[in-house]
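Taken in order, the sequence shown gives residues 158 to 640; the numbers are from the working numbering.
Below is one structure, written out as structure tokens; comments come after it.
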Amino acid sequence: MIRVRVILLIIGYFVSILGITMNIPLIVDYVNNNQDWEAFLVSEFFTLFIGVSLAITCRESDLKDISIREAFILTTCSWITLVFFASLPFFYSDLNLGYVDAFFEAMSSLTTTGATIITNLDNAPPGILVWRAFLEWVGGIGIIVMAIAILPFLRVGGMQLFKTESSDKSHKIMPRVKQLAAAIGAIYVLFTVICATALYFAGMGMFDAILHAMTSVSTGGFSTHDLSIAYFNDYTIELIIMFFIILGAIPFPIHIKLFQGKWKAIQNDQQLYFFFLVLLILIAITVIWLMSSFAMSFDHAFRIASFNVVAIITTTGYASTDYSLWGESILTLLFLVSVIGGCTGSTSGGIKIFRFQVLYVTAKYQIFRLIQPHGVYKVQYNGETIPDSVGSAVMAFFLIFCFCFFIIAILLSFTGLDFITSLSAAAATIANLGPGLGNIVGPAGNYHSLTDFAKWVISAGMLIGRLEIFTIFVLFSAAFWRD
Numbered sequence: 158m159i160r161v162r163v164i165l166l167i168i169g170y171f172v173s174i175l176g177i178t179m180n181i182p183l184i185v186d187y188v189n190n191n192q193d194w195e196a197f198l199v200s201e202f203f204t205l206f207i208g209v210s211l212a213i214t215c216r217e218s219d220l221k222d223i224s225i226r227e228a229f230i231l232t233t234c235s236w237i238t239l240v241f242f243a244s245l246p247f248f249y250s251d252l253n254l255g256y257v258d259a260f261f262e263a264m265s266s267l268t269t270t271g272a273t274i275i276t277n278l279d280n281a282p283p284g285i286l287v288w289r290a291f292l293e294w295v296g297g298i299g300i301i302v303m304a305i306a307i308l309p310f311l312r313v314g315g316m317q318l319f320k321t322e323s324s325d326k327s328h329k330i331m332p333r334v335k336q337l338a339a340a341i342g343a344i345y346v347l348f349t350v351i352c353a354t355a356l357y358f359a360g361m362g363m364f365d366a367i368l369h370a371m372t373s374v375s376t377g378g379f380s381t382h383d384l385s386i387a388y389f390n391d392y393t394i395e396l397i398i399m400f401f402i403i404l405g406a407i408p409f410p411i412h413i414k415l416f417q418g419k420w421k422a423i424q425n426d427q428q429l430y431f432f433f434l435v436l437l438i439l440i441a442i443t444v445i446w447l448m449s450s451f452a453m454s455f456d457h458a459f460r461i462a463s464f465n466v467v468a469i470i471t472t473t474g475y476a477s478t479d480y481s482l483w484g485e486s487i488l489t490l491l492f493l494v495s496v497i498g499g500c501t502g503s504t505s506g507g508i509k510i511f512r513f514q515v516l517y518v519t520a521k522y523q524i525f526r527l528i529q530p531h532g533v534y535k536v537q538y539n540g541e542t543i544p545d546s547v548g549s550a551v552m553a554f555f556l557i558f559c560f561c562f563f564i565i566a567i568l569l570s571f572t573g574l575d576f577i578t579s580l581s582a583a584a585a586t587i588a589n590l591g592p593g594l595g596n597i598v599g600p601a602g603n604y605h606s607l608t609d610f611a612k613w614v615i616s617a618g619m620l621i622g623r624l625e626i627f628t629i630f631v632l633f634s635a636a637f638w639r640d
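In structure tokens form, the structure reads like this:
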């Protein structure tokens with residue numbers, strides 16, 4: 158039996174906390190004499206009223222025992238509810254956004270996608286810029302906790318490989334979530350503070366430094382300027398941002414182990430090794446391409462290639478140049494790589510490195526079985542045997558991911574978008590990358606000109622991609638709702 162009151166209580170807590178955090182951009186706008194503080198005040202009042210009402214109404218519920226079905230419902234409903242309330246400041250602001258645009262911006266923020274519909278960011282209200290960055294930052298830590306503490310418990314897409322030693326086999330997840338959230342939160346805040354400090358001393362203003370630190374560590378990619386990182390045109394700033402983007406794309410369980418002095422965690426992690434290997438190969442290929450096709454010097458080619466390749470593979474929405482002008486060959490490669498994403502347990506989106514590794518070893522041993530049907534093979538990942546259920550879950554994830562990608566691309570094409578724009582927007586959506594390709598959704602454009610239907614489709618795609626597809630699709634199964 159699904160306990161609705163337990164789900165509503167936790168959602169009430171989340172909504173209440175979100176409402177309280179609206180004071181941050183409210184104060185920023187008020188101090189800067191911007192009338193948008195009133196939009197945050199109205200949004201905060203409504204958000205707190207609903208959140209506190211839910212918490213008070215359901216306060217006697219027991220949070221200790223949450224079943225798998227309740228966890229599935231809670232995960233999806235929490236994200237949708239938070240996006241709804243997070244969109245209110247955008248809707249009531251002086252930006253004159255319709256509700257579809259406001260919802261789109263909030264969804265992109267909380268899922269750390271980095272796609273935006275706001276034009277003229279350089280003159281946008283400071284409170285709105287703070288709210289966008291803060292939502293990405295909160296979404297980033299929420300994604301990490303979900304990937305480490307919840308999805309392995311729910312066995313989503315092969316994530317059961319990442320059950321930690323503290324996994325509670327009695328189906329109680331709340332204590333584990335609290336412990337992991339505390340450890341992750343401390344490291345997450347530390348990275349953000351160090352990044353902001355480094356950017357400030359590198360020449361950024363304090364306001365820009367804080368906001369870019371938040372969107373770098375969360376691999377979200379929202380900037381305070383229309384030109385994104387190209388606005389600063391500073392190699393030191395790019396290096397700092399790139400470093401912290403990579404930290405955000407590394408599994409946070411590894412960060413935790415490193416802070417505990419377990420340095421062998423880096424040596425023994427195949428996912429981390431493959432992530433850096435792919436990164437270095439792509440940067441090398443891009444540098445060679447830029448030097449041969451555009452007669453760039455090595456220094457300049459390496460600078461723009463390294464930053465933008467890192468931003469793309471980690472699904473961060475930053476850009477230091479309009480890479481859509483690099484030519485179809487390299488763009489095709491980057492387009493395909495963009496869906497890979499970073500590592501599991503990080504803030505990055507995409508399919509995730511480990512699934513490609515599991516798919517590879519599963520396929521390899523399947524070929525061995527065809528050659529020697531009576532042989533005994535142990536399919537291993539990170540030194541541990543992979544159960545058949547994990548291989549099947551990963552292959553199912555790939556199939557459903559491709560299916561969702563094609564459906565989104567087809568729906569977008571029905572709105573009048575060209576082939577490249579439809580495909581790249583679909584990939585950028587479900588992989589939570591942000592910028593796509595072309596003049597409309599490319600790094601030099603944004604999603605403002607799309608139809609409302611296209612924005613709803615993309616918003617749904619961002620949520621599906623961020624919640625690892627099955628977390629949402631399982632709710633549409635009749636078997637899920639049977640007692």
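All residues carry an ideal CB built from backbone N, CA and C; glycine is no exception.
As the structure is a prediction and not an experimental result, all values here were calculated from the model.
Which residue from the options puts its Cα closest to that of residue i?
i	options	result
C559	I508, V240, H605 and G573	I508
F571	T608, A550 and I543	T608
F247	N277, C234, W236 and D193	D193
Y187	G502, A406, T501 and P282	P282
I645	Y480, F310 and F260	Coverage of the chain is limited to positions 158 through 640, which leaves residue 645 absent and any answer about it impossible.
V295	I528, T578, V161 and S373	S373
S549	I565, Q529 and A520	A520
V257	T268, D251, L245 and L267	L245
V163	F627, V467, E227 and D251	E227
F260	A636, W638 and H605	H605
N603	K335, I177, F379 and F364	F379
L516	H531, V444 and Y538	Y538
G499	S486, Q514, L632 and L488	Q514
L384	I213, G418 and T478	T478
W420	S375, Q427 and I411	I411
S265	W613, I367, A355 and C561	W613
R289	N189, L267 and A355	L267
I386	G474, V346 and L436	G474
V536	V518, I577, G418 and A636	V518
C234	L166, I181 and M179	L166
F433	A452, Y249, V466 and F455	V466
Across which residues does DSSP place residue i in a beta bridge pair?
i	result
Q417	None; Q417 has no bridge partner.
Q192	For Q192, which the question treats as bridged, DSSP gives no partner whatsoever.
T542	Q537
Counting along the chain, where does the alpha helix (DSSP H) carrying residue i start and finish?
i	result
I316	The identity of residue 316 in the sequence shown is Met, whereas the question assumes Ile. Where M316 is concerned, there is no enclosing alpha helix (DSSP H), given that its DSSP letter is neither H nor E.
P309	L308 to L311
V631	From DSSP, V631 is part of no alpha helix (DSSP H); its letter is neither H nor E.
K612	D609 to R623
Q514	I510 to I528
G484	Element bounds for G484: n/a, residue is neither H nor E.
Y388	Looking at the DSSP string, Y388 is not in any alpha helix (DSSP H), and its letter there is neither H nor E.
M371	M363 to V374
R639	First-last for R639: undefined, no H or E at that position.
I626	Careful: I626 lies outside any alpha helix (DSSP H) and carries neither H nor E.
Y256	Y256 to L267
Y249	L245 to Y249
F464	F455 to I470
Y475	Y475 -> no alpha helix (DSSP H), and no H or E assigned at all.
S450	Q427 to F451
G595	G595 to V598
F400	Y392 to A406
F291	P283 to V302
G169	V161 to T178
F571	Neither: F571 is in no alpha helix (DSSP H) and is coded neither H nor E.
L580	F576 to I587
For the putative contact between residue i and residue j, defined by C-beta atoms under 8 angstroms, what is the C-beta separation to the nearest angstrom?
i	j	result
M700	T238	Coverage of the chain is limited to positions 158 through 640, which leaves residue 700 absent and any answer about it impossible.
G591	G599	That belief does not hold up - the Cβ atoms of G591 and G599 are roughly 11 angstroms apart, past 8 angstroms.
V287	V185	5 angstroms
V313	T628	6 angstroms
R526	F555	Not quite, the Cβ-Cβ distance comes to about 20 angstroms (not below 8 angstroms), so this is no contact.
I564	S503	Rounded, the Cβ-Cβ distance is 27 angstroms, inconsistent with contact.
T269	G506	7 angstroms
I510	Q428	5 angstroms
Taking 7 angstroms as the line, does the beta carbon of residue i fall inside it for any heavy atom of the ligand SAH?
i	result
V161	Ligands are entirely absent from the displayed structure, and the ligand SAH is therefore not among its contents.
Given 8 angstroms, three or more beta-carbon pairs between the segment 339-350 and the segment 425-442
Put simply, the segment 339-350 does not touch the segment 425-442. Fewer than three CB pairs are less than 8 angstroms apart.
Touching or not, the segment 200-217 and the segment 300-314, by the rule of three or more beta carbon pairs under 8 angstroms?
Result no; under three Cβ-Cβ pairs closer than 8 angstroms.
Three or more C-beta pairs under 8 angstroms: does that hold for the segment 453-467 against the segment 537-552?
With the cut-off at 8 angstroms, the segment 453-467 and the segment 537-552 do not touch.
The segment 165-179 / the segment 267-278 touching (three or more Cβ pairs under 8 angstroms):
Flag = no, the segment 165-179 and the segment 267-278 do not touch.
State whether the segment 481-491 contacts the segment 444-452, with contact taken as three or more CB pairs (one from each stretch) at a distance under 8 angstroms.
Yes: the two stretches touch, three or more of their Cβ pairs being nearer than 8 angstroms.
Using 8 angstroms as the cut-off, can you tell me whether the segment 385-397 makes contact with the segment 416-432, which would need three or more C-beta pairs spanning the two stretches below that distance?
Contact fails: fewer than three Cβ-Cβ distances are below 8 angstroms.
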